[in-house]
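Per this note's numbering, the very first residue in the sequence shown carries number 9; after that it's consecutive.
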Amino acid sequence: MNLDEKISFILRFAQMDLTALRRSSALEHLRAQFHEFFMRKGEDLTSTVKALGFLAIADESPKPEEFTQDQFESLQKETMRLMNGGGGEVPVTTQVSTVALPGFGGIPTIMLMKGPTRALFLLSCSLVLTRPEIAARLRRCPARHARQPGRKCDKMFLRIRKQQFCSKTCANRVSKQKERGRT
Ligand SMILES: [Zn+2]
Numbered sequence: 009m010n011l012d013e014k015i016s017f018i019l020r021f022a023q024m025d026l027t028a029l030r031r032s033s034a035l036e037h038l039r040a041q042f043h044e045f046f047m048r049k050g051e052d053l054t055s056t057v058k059a060l061g062f063l064a065i066a067d068e069s070p071k072p073e074e075f076t077q078d079q080f081e082s083l084q085k086e087t088m089r090l091m092n093g094g095g096g097e098v099p100v101t102t103q104v105s106t107v108a109l110p111g112f113g114g115i116p117t118i119m120l121m122k123g124p125t126r127a128l129f130l131l132s133c134s135l136v137l138t139r140p141e142i143a144a145r146l147r148r149c150p151a152r153h154a155r156q157p158g159r160k161c162d163k164m165f166l167r168i169r170k171q172q173f174c175s176k177t178c179a180n181r182v183s184k185q186k187e188r189g190r191t
């Protein structure tokens, strides 16, 4: 995953309906994506390290591909707490070290964070939500809620180019409403 894909994954995970994980295929799919979030093989990490300030090494059990539905649910609650701002403290413990990697995107020394998957994910979330260059691209979807009239969709998403809504579904709903308004 590149940096944008990682940010989008965090936002999607925080706001997804985890009851679907009762289907084992859905759980497997989420585990695979979660694994990819941390995977480093053959990936250009410089943009992620530059944006977040560290390289995450999730080397403690449970590893991303071992997360259970319960562990995903509690991780989602903690992610939401960070997303809402002022939602309270989330404890994280990691091991920090620095390493000089000549030629790594012109960064002379990079910070490594090693530890539990949960801690590294929550650290990444808090940085994604607060780094000015990323936060400036985060938006709340202004489309009307699909099932609850009078409410907005309000999902948080990473704006790509001139994107206005969180998903194609929301964009389509809005354009249909506009068409109906015209006739
Ligand atoms: Zn939406």
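Ideal Cβ positions, reconstructed from N, Cα and C, are used throughout, including at glycine.
- At a threshold of 7 Å, residue 16 does not count as near ligand 1, since its beta carbon sits no closer than that to any of the ligand's heavy atoms.
- Applying a distance threshold of 6 Å between residue Cβ atoms and the heavy atoms of ligand 1 selects 149, 151, 161, 163, 173, 174, 175, 178, given in chain order.
- Counting along the chain, residue 65 sits inside the beta strand (DSSP E) bounded by residues 63-68.
- Residue 154 holds the alpha-carbon nearest to the alpha-carbon of residue 181 among 154, 165, 172.
- In this structure, residue 166 places its C-beta atom within 8 Å of the C-beta atom of residue 145.
- Here DSSP, grouped into helix, strand and coil, assigns residue 138 to helix.
- The alpha-carbon separation between residue 164 and residue 15 amounts to approximately 11 Å.
- Ranked by Cα distance from residue 72, the first of 62, 30, 45, 59 is 45.
- Beta-bridge annotation (DSSP): residue 157 is not paired with any residue.
- Nearest to residue 63 by alpha-carbon distance, out of 187, 186, 112, 34, is 112.
- Look at residue 175 here: in three-state DSSP terms it is coil, with no helix or strand label.
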